[in-house]
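J.: Be aware that the sequence shown starts at 961, since it is given in the numbering used here, and climbs by one per residue.
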Amino acid sequence: MNGKKELLETVENIGLFMQYWGFKSVHGKIWAYIYISEEPVSTPQIVEFLGVSKGLVSVAINELLEYKLIIQAKKTKYGALTYLAADNPAATVREVLKHREINILSEVENSLNSLSKLNLGECKNLNLSKDKTKNLLELTSAHKKLLTLITKRNINSITEWRKFLDRGLKFLKLKV
């Protein structure tokens, strides 16, 4: 076992997870490969490892640079650029939560709030449960408040993020 299969599987799974967050899977794969690499990684290394086109990698790298998830490192002796993962992806995660997830929850909250204001006759015509709508509104509002609290924390590293979550789980007396 040389570990390449396990590394590729890990990178693929992180790509799928980041796709759930609204990025393209390739962004997650490239970021994960760069992040868990000991040394800076070049574009040709990424192309070869993932088996994707140089064009796809170049576009994804530019977008990852914009999000400040990776940074440009030194050039190889053949002139290829290399990349390192940014030291604080937690800050990027916080920004994504703040500017995308909270906005989505706000839109859901607003539409549920509008639905909850319908009278009983309107609800009956729509086959709408007023209680279930209210429950969903309260759940959405609670999630939005939780995300708002999380994003207000000045978490600047994965270690701080993990400690913050561990303290929260301990407070809630949850074991993972």
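Ideal placement from N, C-alpha and C gives every residue a C-beta, glycine not left out.
Does the beta-carbon distance from ALA1020 to VAL1053 come in below 9 Å?
T.: For this step, residue 1020 is matched to residue 60 along the sequence shown. For this step, residue 1053 is matched to residue 93 along the sequence shown. No. Outside cutoff.
J.: With H, G and I counted as helix, E and B as strand and the rest as coil, what does DSSP make of VAL1001?
T.: Here the question's residue 1001 lines up with position 41 in the sequence shown. In this structure, VAL1001 counts as strand in the three-state DSSP scheme.
J.: Compare the C-alpha of SER975 against each of GLY963, ASN962, GLU966 and TRP991 and name the closest.
T.: Along the sequence shown, one-based indexing puts residue 975 at 15. For the sequence presented, residue 975 should be read as Gly rather than Ser. When each option's Cα is compared against that of GLY975, the closest is TRP991.
J.: For LEU1044, list the residues DSSP reports as bridge partners.
T.: As a first step, residue 1044 is located in the sequence shown; it is residue number 84 there, counting from the start. For LEU1044, which the question treats as bridged, DSSP gives the partners ILE1031.
J.: Which two residues bound the contiguous alpha helix (DSSP H) that contains HIS987?
T.: Along the sequence shown, read from residue 1 onward, the residue named residue 987 stands at position 27. 985–995 is the span of the alpha helix (DSSP H), which, as asked, contains HIS987.
J.: Would you say LYS1028 and ALA1046 are within 9 Å of each other, going by their C-beta atoms?
T.: In the sequence shown, the residue the question calls residue 1028 occupies position 68. In the sequence shown, the residue the question calls residue 1046 occupies position 86. Yes; because the gap between Cβ atoms is below 9 Å, this pair is in contact.
J.: Rounded to the nearest angstrom, what separates ASP1091 and LEU1078 at their Cα positions?
T.: Position 131 of the sequence shown, counted from the start, is the residue given in the question as residue 1091. Position 118 of the sequence shown, counted from the start, is the residue given in the question as residue 1078. Straight-line Cα distance between these residues: approximately 12 Å.
J.: Under a three-way DSSP split, which group does GLY1039 fall into?
T.: Residue numbering aside, residue 1039 sits at position 79 when the sequence shown is read from its first letter. Coil at GLY1039, not helix or strand.
J.: With contact counted as at least three CB pairs below 8 Å, one residue from each stretch, are the region 1061–1081 and the region 1037–1051 in contact?
T.: The region 1061–1081, when compared against the region 1037–1051, does not touch it at the 8 Å Cβ threshold.
J.: If we call anything under 9 Å between Cβ atoms a contact, is CYS1083 one with SER1074?
T.: Along the sequence shown, read from residue 1 onward, the residue named residue 1083 stands at position 123. Along the sequence shown, read from residue 1 onward, the residue named residue 1074 stands at position 114. No. Outside cutoff.
J.: Use the C-beta contact count for LEU1099: other C-beta atoms within 10 angstroms, 16 or more gives buried, fewer gives exposed.
T.: As a position in the sequence shown, residue 1099 is number 139, starting the count at 1. Counting Cβ neighbours within 10 Å, LEU1099 comes out exposed, since fewer than 16 surround it.
J.: Give the straight-line distance between the Cα atoms of VAL1001 and ASN1095, rounded to the nearest whole angstrom.
T.: Translated into positions along the sequence shown, residue 1001 becomes position 41. Translated into positions along the sequence shown, residue 1095 becomes position 135. Those two C-alpha atoms are separated by around 48 Å.
J.: Going by C-alpha distance, which of LEU1010, LEU1057 and PRO1004 is nearest LYS989?
T.: Position 29 of the sequence shown, counted from the first residue, corresponds to residue 989. Ranking the options by Cα distance to LYS989, first place goes to LEU1010.
J.: Considering only C-alpha positions, which residue in the set ILE1064, ILE1110, ALA1050 and VAL1007 is nearest to TYR993?
T.: As a first step, residue 993 is located in the sequence shown; it is residue number 33 there, counting from the start. Closest by alpha carbon: VAL1007.
J.: Between which residues of its own chain and ARG1197 is the CB-CB distance below 8 Å, once the five residues before and five after are set aside?
T.: This structure does not reach residue 1197, given that the chain is present from 961 up to 1136, and the question cannot be answered.
J.: If we ignore side chains and look at the alpha-carbon of each, how far apart do LEU1044 and LYS1104 end up?
T.: Looking up residue 1044 in the sequence shown gives position 84. Looking up residue 1104 in the sequence shown gives position 144. In a straight line, the C-alpha of LEU1044 is about 33 Å away from that of LYS1104.
J.: Counting along the chain, where does the alpha helix (DSSP H) carrying SER1066 start and finish?
T.: The residue given as residue 1066 occupies position 106 in the sequence shown. Looking at the DSSP string, the run of the alpha helix (DSSP H) that includes SER1066 is 1062–1076.
J.: Give me the Cα-Cα distance between ASP1126 and LYS1058, rounded to the nearest whole angstrom.
T.: Position 166 of the sequence shown, counting from 1, holds the residue named residue 1126. Position 98 of the sequence shown, counting from 1, holds the residue named residue 1058. Roughly 21 Å separates the two Cα atoms.
J.: When we look at the beta-carbon of GLN1005 and count the other beta-carbons within 10 Å, is it buried (16 or more) or exposed?
T.: Residue mapping note: residue 1005 aligns to position 45 of the sequence shown, counting from 1. Label assigned to GLN1005: buried.
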